[in-house]
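Numbered per my numbering, the sequence shown finishes at 360, counting up by one with no gaps.
For every residue, glycine included, the Cβ atom is placed at its ideal position computed from N, Cα and C.
As the structure is a prediction and not an experimental result, all values here were calculated from the model.
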Amino acid sequence: MIGVEFIVTKREKLGKGANKKFRRSGFIPAVVYGKNKENLNIAVNLSKLKKIFKTEAGENTIIEMQVEDSDIKKTVLLKEAHLDTLTSSPLHLDFYEISEGEKVRVTCPLKFIGQPEGVKNGGVIQTLSNAIKIECLLEQIPNEIEVEISSLNIGETLRVKDIPQIAGIDMTSNPNSTIISILTPKLVIESEQAAVDKDSAEEAEEKSEEQAIESGKKEAN
């Protein structure tokens, strides 16, 4: 994978006031850190960063970061985005600086190939995960991992450990985690009904508590 060049601004001023000013101007405060590396506080242009992540590699895009008006260059990956709980807008970004020869951990999307046999026979596909965590060298990070699912029949599941091994890539997700299940329509209906029954029970419990509180108020009066 070839890194995408990206110019960032070094943050000289820190704190909430300075960060708010950056956000109002379309920049997001961020930090670059790495193994045995000194942290670097920066601000990134959000609109330009979004364009970078629209590439095939998505958020696993390797970035060749250049700090504006300096000779500082770093090879980084986006490690974490801290989002606003109400708007889901990014408030702060964490980038990880990668050293030569260092293995990195990333979340890699899965691409499912084929139509499960169980679906052809009337079953319903239940997808529990569209990605897995992997560890590998920078140049070995795949854009996605293809997984053949056409042989899955009703009642069968695909787990992380069922994905064929890829040379140079370690799958670090729980090997027993379920990715896909092929269910009978009856089980899907029962699952949905169980969720409805749970909601109804919770509503009844809430009403009972409200009635008890109201009764207590009357007795107190």
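Check: Applying the criterion that 16 or more other CB atoms from any shown protein chain within 10 Å of the CB defines a buried residue, is E267 buried or exposed?
Finding: Locating residue 267 in the sequence shown gives position 128, counting from the first residue. Per the sequence presented here, residue 267 reads as Leu, with Glu not at that position. Answer is exposed; the Cβ neighbour count stays below 16.
Notebook entry, point to check: I252 and I321: beta carbons closer than 7 Å?
Noted result: Position 113 of the sequence shown, counting from 1, holds the residue named residue 252. Position 182 of the sequence shown, counting from 1, holds the residue named residue 321. Going by C-beta atoms, I252 is not nearer than 7 Å to I321.
Item checked: Beta bridge counterpart(s) of N184 as assigned by DSSP -> Translated into positions along the sequence shown, residue 184 becomes position 45. DSSP lists F166 as partners of N184.
Item checked: Through-space distance from Q304 to P281, alpha-carbon basis -> Here the question's residue 281 lines up with position 142 in the sequence shown. Here the question's residue 304 lines up with position 165 in the sequence shown. Whole-angstrom Cα-Cα distance: 13 Å.
Margin query: Just to confirm before moving on: does the CB-CB distance between N206 and V183 stay below 7 Å?
Written below: By one-based count along the sequence shown, residue 206 stands at place 67. By one-based count along the sequence shown, residue 183 stands at place 44. Looking at the sequence shown, residue 206 is not Asn but Val. Not closer than 7 Å, so no.
Check: Under a Cβ-count criterion, where at least 16 other Cβ atoms within 10 Å of its own Cβ denotes burial, should G362 be classed as buried or exposed?
Finding: Any question about residue 362 goes unanswered here, given that the chain covers just 140 to 360.
Checklist line | Which of helix, strand or coil DSSP assigns to Q205 | finding: Position 66 of the sequence shown, counted from the first residue, corresponds to residue 205. Strand, per DSSP.
Check: So which of N292, I293 and E285 has the shortest CA-CA distance to V299?
Finding: If you number the sequence shown from 1, residue 299 lands on position 160. Here the closest residue by C-alpha is E285.
Next item on the list: Report the residue ranges of all beta strand (DSSP E) runs contained in full by the stretch 241–298; include only those spanning at least 3 residues, in chain order.
Entry: 242–252, 263–266, 270–276, 284–287 and 296–298
Margin query: Could you tell me the alpha carbon to alpha carbon distance between I271 and E198, rounded to whole angstroms?
Written below: Here residue 271 refers to the residue found at position 132 when the sequence shown is read from its first residue. Here residue 198 refers to the residue found at position 59 when the sequence shown is read from its first residue. Their backbone Cα atoms lie some 14 Å apart in a straight line.
Notebook entry, point to check: What number of angstroms, rounded off, separates the C-alpha of K149 from the C-alpha of R244?
Noted result: Here residue 149 refers to the residue found at position 10 when the sequence shown is read from its first residue. Here residue 244 refers to the residue found at position 105 when the sequence shown is read from its first residue. Cα-Cα distance, rounded: 26 Å.
Check: Do you know offhand how far L230's Cα is from E151's?
Finding: Residue 230 sits at position 91 when you count from the first residue of the sequence shown. Residue 151 sits at position 12 when you count from the first residue of the sequence shown. Near 18 Å, if we compare the C-alpha coordinates of E151 and L230.
Next item on the list: Given a cut-off of 7 Å, decide if M204 and K213 are closer than it, judged by their beta-carbon atoms.
Entry: In the sequence shown, the residue the question calls residue 213 occupies position 74. In the sequence shown, the residue the question calls residue 204 occupies position 65. Yes.
Notebook entry, point to check: If you check the beta carbons only, do N269 and L291 fall under 7 Å apart?
Noted result: Within the sequence shown, the letter at position 130 stands for residue 269. Within the sequence shown, the letter at position 152 stands for residue 291. Going by C-beta atoms, N269 is not nearer than 7 Å to L291.
Notebook entry, point to check: In angstroms, rounded to a whole number, what distance separates the CA positions of I202 and S316?
Noted result: Working through the sequence shown from its first residue, we reach residue 202 at position 63. Working through the sequence shown from its first residue, we reach residue 316 at position 177. Rounded to whole angstroms, I202 to S316 spans 31 Å at the Cα level.
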